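J.:
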Amino acid sequence: MKKGFFITLEGGEACGKSTQVRMLKEYLDKQVNHDDFLFVREPGGTPLTEEIRKLLLNYEIDKPLPMTELLLFCAARVEDVYKQILPALSQGKVVIADRFYDSTIAYQGMARGIMSSKDILSLTKKIIGGLTPNLTFYLKISPEEAFKRKSKMSEGMDRIEKEGLLFHQKVKEGYDFISNLEKDRFYILDATKSPQEIFEEIKKVLNQKIPEYFKDDLSEEKY
Ligand SMILES: Nc1ncnc2c1ncn2[C@@H]1O[C@H](COP(=O)(O)OP(=O)(O)OP(=O)(O)O)[C@@H](O)[C@H]1O
Ligand SMILES: [Mg+2]
Numbered sequence: 070m071k072k073g074f075f076i077t078l079e080g081g082e083a084c085g086k087s088t089q090v091r092m093l094k095e096y097l098d099k100q101v102n103h104d105d106f107l108f109v110r111e112p113g114g115t116p117l118t119e120e121i122r123k124l125l126l127n128y129e130i131d132k133p134l135p136m137t138e139l140l141l142f143c144a145a146r147v148e149d150v151y152k153q154i155l156p157a158l159s160q161g162k163v164v165i166a167d168r169f170y171d172s173t174i175a176y177q178g179m180a181r182g183i184m185s186s187k188d189i190l191s192l193t194k195k196i197i198g199g200l201t202p203n204l205t206f207y208l209k210i211s212p213e214e215a216f217k218r219k220s221k222m223s224e225g226m227d228r229i230e231k232e233g234l235l236f237h238q239k240v241k242e243g244y245d246f247i248s249n250l251e252k253d254r255f256y257i258l259d260a261t262k263s264p265q266e267i268f269e270e271i272k273k274v275l276n277q278k279i280p281e282y283f284k285d286d287l288s289e290e291k292y
């Protein structure tokens, strides 16, 4: 049986994570046995974690304290890991997560400054039994560039997106910190390139890392 492989996509607001997830889904639909793949978004995917997501991102009545925010993200992650991610990995699937604990290091650690990034890393690993992604794509972009994209988007911003430039600069520092600390699992992408260029690079990396999941060579142009 295949071993299972855990991939995360990370980076600040509007760096293009969900765009790449969408492109990958469409690509996989045409290429491979879709049952081999599970896509999750953090927090979310189960009835309970979708409710926690709403509380975290869109609850306007009573702003949570930073520590409450951290613990809600952690609570949702425990649910996601034990109910979705670990069962899928143990069935030999590739799990692809739109955000995971690096987001907590960047947002609740570096940007909110609740506790040191190292302490948050140790907390977030402990509660999920030490699960670490096998591969993390970090879509790197300056908050200034990302803000330009946001301003063009029609939908409203959630509570965290509404934070100012300084907050998002610290988020980027957080991602730079963790990608430097856990270098081996990180693949850094220049998120200012076009979606198609970025996707080509992602395909190339996947073809190298998990060729057994693909019928055809991902590096060939078929998308
Ligand atoms: N490589 C790119 N170049 C230019 N624009 C892009 C690129 N990738 C995505 N976009 C656009 O930027 C916006 C944000 O993209 P997307 O929703 O994929 O980002 P995200 O990282 O998922 O954001 P969030 O953190 O808010 O979920 C969208 O309007 C999308 O079309
Ligand atoms: Mg997104």
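Going by our numbering, the first residue of the sequence shown is number 70, and it counts up by one from there. The C-beta atom is built at its ideal place from N, Cα and C for all residues, glycine as well. All figures in this text were calculated on a predicted structure; none of them were measured in a lab.
Please state whether DSSP places Ile130 in a helix, a strand or coil.
T.: As a first step, residue 130 must be located in the sequence shown, where it is residue number 61. Coil.
J.: Could you work out which residue in Cys84, Phe75 and Ile76 is closest to Val240 when comparing CA atoms only?
T.: Locating residue 240 in the sequence shown gives position 171, where the first residue counts as 1. When each option's Cα is compared against that of Val240, the closest is Cys84.
J.: Around the C-beta of Leu179, are 16 or more other C-beta atoms found within 10 angstroms, so that it is buried, or is it exposed?
T.: Working through the sequence shown from its first residue, we reach residue 179 at position 110. Here the sequence assigns Met to residue 179, which means Leu is not the residue at that position. Met179 is buried by the Cβ-count criterion.
J.: Assign Gly80 to one of three DSSP states: helix, strand, or coil.
T.: Indexing the sequence shown from 1 puts residue 80 at position 11. Looking at Gly80 - three-state DSSP - the assignment turns out to be coil, as it is neither helix nor strand.
J.: Which residues are close to ligand 2, meaning CB closer than 7 Å to any heavy atom, in chain order?
T.: Those residues, listed in chain order, are Lys86, Ser87 and Asp167.
J.: CB Ala145 to CB Tyr244, shorter than 7 Å?
T.: The residue you call residue 145 lines up with position 76 of the sequence shown. The residue you call residue 244 lines up with position 175 of the sequence shown. Contact flag unset, no.
J.: At the level of alpha carbons, what is the spacing between Leu158 and Asp105?
T.: As a first step, residue 158 must be located in the sequence shown, where it is residue number 89. As a first step, residue 105 must be located in the sequence shown, where it is residue number 36. Straight-line Cα distance between these residues: approximately 10 Å.
J.: Classify Gln258 as buried or exposed, calling it buried when 16 or more other Cβ atoms lie within 10 Å of its own Cβ.
T.: On the sequence shown, residue 258 is found 189 positions in, with the first residue counted as 1. According to the sequence displayed, residue 258 carries Leu and not Gln. Label assigned to Leu258: buried.
J.: Would you kindly report the start and end of the unbroken beta strand (DSSP E) that includes Ala295?
T.: In the structure as shown, the chain begins at 70 and stops at 292. Residue 295 is therefore absent and cannot be evaluated.
J.: Can you tell me whether Leu250 is buried or exposed? The criterion is at least 16 other CB atoms within 10 Å of its CB, across all chains shown.
T.: Translated into positions along the sequence shown, residue 250 becomes position 181. The residue is exposed, with fewer than 16 neighbouring Cβ atoms inside 10 Å.
J.: What are the boundary residues of the beta strand (DSSP E) that includes Val109?
T.: As a first step, residue 109 must be located in the sequence shown, where it is residue number 40. Note, Val109: beta strand (DSSP E), Phe106 to Arg110.
J.: Nearest to Leu155 by CA position, among Met92, Val109 and Arg91, is which residue?
T.: Taking the sequence shown and counting its residues from 1, the one referred to as residue 155 is at position 86. Of the listed residues, the one whose Cα sits closest to Leu155 is Val109.
J.: Can you round the beta-carbon distance between Phe283 and Gln89 to whole angstroms, since I take them to be within the 8 Å contact cut?
T.: Indexing the sequence shown from 1 puts residue 283 at position 214. Indexing the sequence shown from 1 puts residue 89 at position 20. In fact, because the Cβ distance is near 17 Å, the residues do not count as touching under 8 Å.
J.: My understanding is that Leu141 touches Leu125, with C-beta atoms under 8 Å, so please give their C-beta distance in whole angstroms.
T.: In the sequence shown, counting from the first residue as 1, residue 141 sits at position 72. In the sequence shown, counting from the first residue as 1, residue 125 sits at position 56. Sure, about 5 Å apart at Cβ, within 8 Å.
J.: Do Leu107 and Val164 count as a contact pair if the criterion is CB distance below 7 Å?
T.: For the purposes of this step, residue 164 is identified with residue 95 of the sequence shown, where counting begins at 1. For the purposes of this step, residue 107 is identified with residue 38 of the sequence shown, where counting begins at 1. Yes.
J.: Which partner residues does Ile257 have in the DSSP bridge list?
T.: By 1-based counting over the sequence shown, the position of residue 257 is 188. For Ile257, which the question treats as bridged, DSSP gives the partners Tyr207.
J.: Please confirm whether Glu148 has its beta-carbon closer than 7 Å to some beta-carbon of chain D.
T.: Looking for chain D here will not work: only one protein chain is present.
J.: Tell me whether Ala145 counts as near ligand 1, meaning its Cβ is closer than 6 Å to at least one heavy atom of that ligand.
T.: Here residue 145 refers to the residue found at position 76 when the sequence shown is read from its first residue. Outside the cutoff, so no.
J.: So, under 8 Å CB-CB, Ile76 and Leu192 are touching, yes? Tell me the CB distance rounded to an integer number of Å.
T.: Within the sequence shown, the letter at position 7 stands for residue 76. Within the sequence shown, the letter at position 123 stands for residue 192. Between Leu192 and Ile76 the Cβ distance is about 23 Å, and since that is not below 8 Å, they are no contact.
J.: From Gln277 to Asp131, what distance separates their C-alpha atoms?
T.: Position 208 of the sequence shown, counted from the start, is the residue given in the question as residue 277. Position 62 of the sequence shown, counted from the start, is the residue given in the question as residue 131. Between Gln277 and Asp131, the C-alpha separation is close to 47 Å.
J.: What is the DSSP secondary structure of Phe283, counted as helix, strand or coil?
T.: For the purposes of this step, residue 283 is taken as residue 214 along the sequence shown, with counting starting at 1. DSSP places Phe283 in coil when its eight states are reduced to three.
J.: Could you pull out every residue in the same chain whose Cβ sits closer than 7 Å to the Cβ of Glu214, ignoring the five residues on either side in sequence?
T.: Taking the first residue of the sequence shown as position 1, residue 214 is located at position 145. Answer for Glu214: Thr261, listed in chain order.
J.: Run the proximity test for Pro156: is its beta-carbon closer than 6 Å to any non-hydrogen atom belonging to ligand 1?
T.: Walking along the sequence shown from the start, residue 156 turns up at place 87. Result no, Cβ not under 6 Å from ligand 1.
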